Amino acid sequence: MKSTRGLILLVALGSAASASAQDPRISKPHLDAASSVIVNALVDSAKARGLPYTALEDRVNEGIAKGADGPHIVAVVRNLYTEMVIVRTWLGAMASADELKAAASAMQAGVPPVELGKMKQKSLLRSLVTPFTVAADLISRGVPVGTAVNAVKSLVGAGAKDKDINDFQRNVKEDIQQGAPPAAAAEARAKTSGKPEEKGKPDSIDQN
Amino acid sequence: MENIVEELQRPVRLDDSFERRLMVRVRRLHAERRKRRGWLGAAMSIAQRPAWATALAAGLVAVVTFGVIRVRQGEHVVAANGLEPVNFVLVAPAAKSVKVVGDFNNWGLNDSALVATNNQGVWSVTAPVKAGVHRYAFVVNDKQWVADPRAPRSAGDDFGMPSSALVVEDSTK
Numbered sequence: 001m002k003s004t005r006g007l008i009l010l011v012a013l014g015s016a017a018s019a020s021a022q023d024p025r026i027s028k029p030h031l032d033a034a035s036s037v038i039v040n041a042l043v044d045s046a047k048a049r050g051l052p053y054t055a056l057e058d059r060v061n062e063g064i065a066k067g068a069d070g071p072h073i074v075a076v077v078r079n080l081y082t083e084m085v086i087v088r089t090w091l092g093a094m095a096s097a098d099e100l101k102a103a104a105s106a107m108q109a110g111v112p113p114v115e116l117g118k119m120k121q122k123s124l125l126r127s128l129v130t131p132f133t134v135a136a137d138l139i140s141r142g143v144p145v146g147t148a149v150n151a152v153k154s155l156v157g158a159g160a161k162d163k164d165i166n167d168f169q170r171n172v173k174e175d176i177q178q179g180a181p182p183a184a185a186a187e188a189r190a191k192t193s194g195k196p197e198e199k200g201k202p203d204s205i206d207q208n
Numbered sequence: 001m002e003n004i005v006e007e008l009q010r011p012v013r014l015d016d017s018f019e020r021r022l023m024v025r026v027r028r029l030h031a032e033r034r035k036r037r038g039w040l041g042a043a044m045s046i047a048q049r050p051a052w053a054t055a056l057a058a059g060l061v062a063v064v065t066f067g068v069i070r071v072r073q074g075e076h077v078v079a080a081n082g083l084e085p086v087n088f089v090l091v092a093p094a095a096k097s098v099k100v101v102g103d104f105n106n107w108g109l110n111d112s113a114l115v116a117t118n119n120q121g122v123w124s125v126t127a128p129v130k131a132g133v134h135r136y137a138f139v140v141n142d143k144q145w146v147a148d149p150r151a152p153r154s155a156g157d158d159f160g161m162p163s164s165a166l167v168v169e170d171s172t173k
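Chains R and Z, in that order, are what the protein sequence lines are.
Quick note on this note's numbering: the first sequence kicks off at 1 and runs consecutively.
Quick note on this note's numbering: the second sequence kicks off at 1 and runs consecutively.
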């Protein structure tokens, strides 16, 4: 009997040691228990509301990877949750999960959610992931919120494709890096970017 | 250098009929060999064409295991089923190692970071990434967080270390 118990104990210890060796997470930093409880509650709430809850989990992983402490991660996740709730209200049911994530980022950068909602109302069938992302980027580079929003809105309104909007962002970034004032760079580039009628000059081809 | 980076970042796509045409050809080859040599003979022919057999086997394993087809063409990876090939490139001549971490690989937790290869100071790695919007960053020499200088910045609190935004378009839509 004793030998049977000993064998079971040995097997159990062996299994535990084996599991510990196979699971690389054991040696990785974790979210502390108190923070985990709050984060899990926010994730569950996001799931219940139909929000893209994986964005919250991604932020937890980002925080852990960057060595942030639990309260900091909780604060970031809580803010993102709140922003996704707000932007979903403004963007409406037509907004995709990625649009909500991008809109939340734009809101974090300073774009008023009402402006995000107006853009979506005018572009119900177009994905605004790239425009929202570019607006957030411009603001982070010093372009005033109103200028950034107007520039992106004018491009979307003119029928610019995502590639045009990405090119616009790259051009503005380079202008700023070369010393142009951010607002002037965005305004100037918005006037010349993503205008389909200016591309290719097909008229000259047709005349021949 | 800019041209090299542009070229590395340019995805190479196969048209939608590629998989169908590949399987038609595979079936035709298989049928021809069965007629000519019988089942055993056809199986032997795989050993005579190791490159072809390896590519086919790798493709089948990928389909079964990940539900994604990946075809190597030089430095480019073509992916399907909601995953798109993304080239991550960082010019860092002095770096000893460069990794890519982001939403798409759990930020490198559990040793899931993408390891870039060095080509005269241009570090690059191509990986299939789910269509959508992601945050990511480069980690240089396992300690320095670097945003992608060619990508939009990610907004919001980045825990004091920069991240970039990545929008991956679904090529099937």
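Backbone N, C-alpha and C fix where the C-beta goes; we use that ideal spot for every residue, glycine too.
The structure presented is a predicted model; accordingly, all values stated were derived computationally and were not measured.
Please list, in chain order, all residues of the same chain as residue i whose beta carbon is under 7 Å from its beta carbon, the five residues on each side excluded.
i: Leu-42 (chain R); result: Leu-56, Val-77, Arg-78 and Tyr-81
i: Asn-106 (chain Z); result: Ser-112
i: Ala-185 (chain R); result: Val-172, Asp-175 and Ile-176
i: Asn-141 (chain Z); result: Ala-95, Lys-96 and Ser-97
Quick check on this structure: which residue in the options has the alpha carbon closest to the alpha carbon of residue i?
i: Ile-73 (chain R); options: Z:Asp-157, Z:Glu-84, Z:Asn-106 and Z:Val-101; result: Z:Asp-157
i: Ala-213 (chain R); options: R:Gly-70, R:Gly-159 and R:Val-129; result: The shown model of chain R, from 1 to 208, leaves out residue 213 (chain R), and the question about it has no answer.
i: Ala-75 (chain R); options: R:Ser-35, R:Ser-127 and R:Gly-157; result: R:Ser-35
i: Ala-160 (chain R); options: R:Ala-185, R:Arg-126, R:Ala-188 and R:Ala-186; result: R:Arg-126
i: Arg-88 (chain R); options: R:Lys-118, R:Ser-193 and R:Lys-66; result: R:Lys-118
i: Phe-138 (chain Z); options: Z:Val-86, Z:Asn-87, Z:Asn-81 and Z:Val-101; result: Z:Val-101
i: Gly-82 (chain Z); options: Z:Asn-141, Z:Arg-150, Z:Asp-142 and Z:Val-129; result: Z:Val-129
Could you pull out every residue in the same chain whose Cβ sits closer than 6 Å to the Cβ of residue i, ignoring the five residues on either side in sequence?
i: Ala-190 (chain R); result: Ala-151 and Ser-154
i: Asp-170 (chain Z); result: Ala-131
i: Ala-116 (chain Z); result: Val-98, Trp-123, Ser-124 and Val-125
i: Leu-212 (chain R); result: Beyond the ends of chain R as shown, which are 1 and 208, falls residue 212 (chain R); an answer cannot be given.
i: Phe-132 (chain R); result: Ala-102, Ala-103 and Ala-106
i: Arg-72 (chain Z); result: Because Arg-72 (chain Z) sits at a pLDDT of 33, beneath the cut-off of 50, its placement in the model cannot be relied upon, and the following sentence gives the value as read from the coordinates. For Arg-72 (chain Z), where only same-chain residues beyond five positions count, there are no Cβ hits under 6 Å.
i: Phe-159 (chain Z); result: none
i: Val-85 (chain R); result: none
Measure the alpha-carbon distance for residue i versus residue j and round it to whole angstroms.
i: Tyr-188 (chain Z); j: Asp-98 (chain R); result: An answer regarding residue 188 (chain Z) cannot be provided, because it is not within the stretch 1 to 173 covered by chain Z.
i: Pro-182 (chain R); j: Gly-110 (chain R); result: 16 Å
i: Leu-91 (chain R); j: Gln-169 (chain R); result: 23 Å
i: Gln-177 (chain R); j: Val-143 (chain R); result: 13 Å
i: Thr-54 (chain R); j: Ser-45 (chain R); result: 12 Å
i: Arg-49 (chain R); j: Glu-84 (chain Z); result: 29 Å
i: Leu-178 (chain Z); j: Ser-123 (chain R); result: The structure shown does not extend to residue 178 (chain Z), since chain Z is modelled only from 1 to 173, so the question has no answer here.
i: Ser-193 (chain R); j: Asp-167 (chain R); result: 8 Å
i: Gln-121 (chain R); j: Val-39 (chain R); result: 32 Å
i: Val-86 (chain Z); j: Ala-127 (chain Z); result: 6 Å
i: Ala-148 (chain R); j: Glu-187 (chain R); result: 8 Å
i: Ala-33 (chain R); j: Asn-110 (chain Z); result: 19 Å
Under the criterion of a Cβ to heavy atom distance below 7 Å, does residue i qualify as lining the ligand MG?
i: Val-172 (chain R); result: Within the structure as shown, the ligand MG is missing, as the structure has no ligands at all.
Give me, in chain order, the residues of the same chain whose beta-carbon lies closer than 8 Å to that of residue i; leave out the 5 immediate sequence neighbours on both sides.
i: Arg-153 (chain Z); result: Ala-147, Pro-162, Ser-163, Ser-164 and Ala-165
i: Ile-205 (chain R); result: Caution is warranted here: a pLDDT of 34 is assigned to Ile-205 (chain R), below 50, making its placement in the model unreliable, and the coordinate value is therefore given only provisionally. Within the same chain, Ile-205 (chain R) has no close Cβ partners at all.
**Request:** Please confirm if the stretch 125–138 of chain R is in contact with the stretch 151–166 of chain Z, defined as three or more CB-CB distances below 8 Å between the two stretches.
**Result:** yes
**Message:** Whether or not the stretch 51–67 of chain R and the stretch 88–97 of chain Z are in contact is what I'm after, with contact meaning three or more pairs of Cβ atoms, one per stretch, closer than 8 Å; do they touch?
**Reply:** no
**Message:** With three or more C-beta pairs closer than 8 Å as the rule, is the stretch 96–106 of chain R touching the stretch 120–127 of chain Z?
**Reply:** no
**Item:** Interface residues of the stretch 98–117 of chain Z facing chain R [CB-CB below 7 Å]
**Value:** Answer set for the stretch 98–117 of chain Z: Val-101, Asp-103, Asn-106, Trp-107, Gly-108, Leu-109, Asn-110 and Asp-111.
**Request:** With 9 Å as the C-beta to C-beta threshold (strictly closer), list the residues of the stretch 156–190 of chain R near chain Z in chain order.
**Result:** Asp-162, Asn-166, Gln-169, Arg-170 and Lys-173
**Request:** Using a Cβ-Cβ cut-off of less than 7 Å, list which residues of the stretch 102–123 of chain R approach chain Z; keep chain order.
**Result:** Ala-102, Ser-105, Ala-106, Gln-108 and Ala-109
**Prompt:** Any residues in the stretch 56–68 of chain R with a beta carbon nearer than 7 Å to a beta carbon of chain Z? Which ones, in chain order?
**Reply:** Asp-58, Asn-61, Glu-62, Gly-63, Ile-64, Ala-65, Lys-66 and Ala-68
**Message:** To be precise: take each residue of the stretch 147–159 of chain Z, compare its Cβ to all Cβ atoms of chain R, and keep it if any distance is under 7 Å. Which residues remain?
**Reply:** Pro-152, Arg-153, Ser-154, Ala-155, Gly-156, Asp-157 and Phe-159
**Message:** Closer than 8 Å between beta carbons: that is the criterion. Which residues of the stretch 162–173 of chain Z meet it against chain R?
**Reply:** Ser-163, Ala-165, Val-167 and Glu-169
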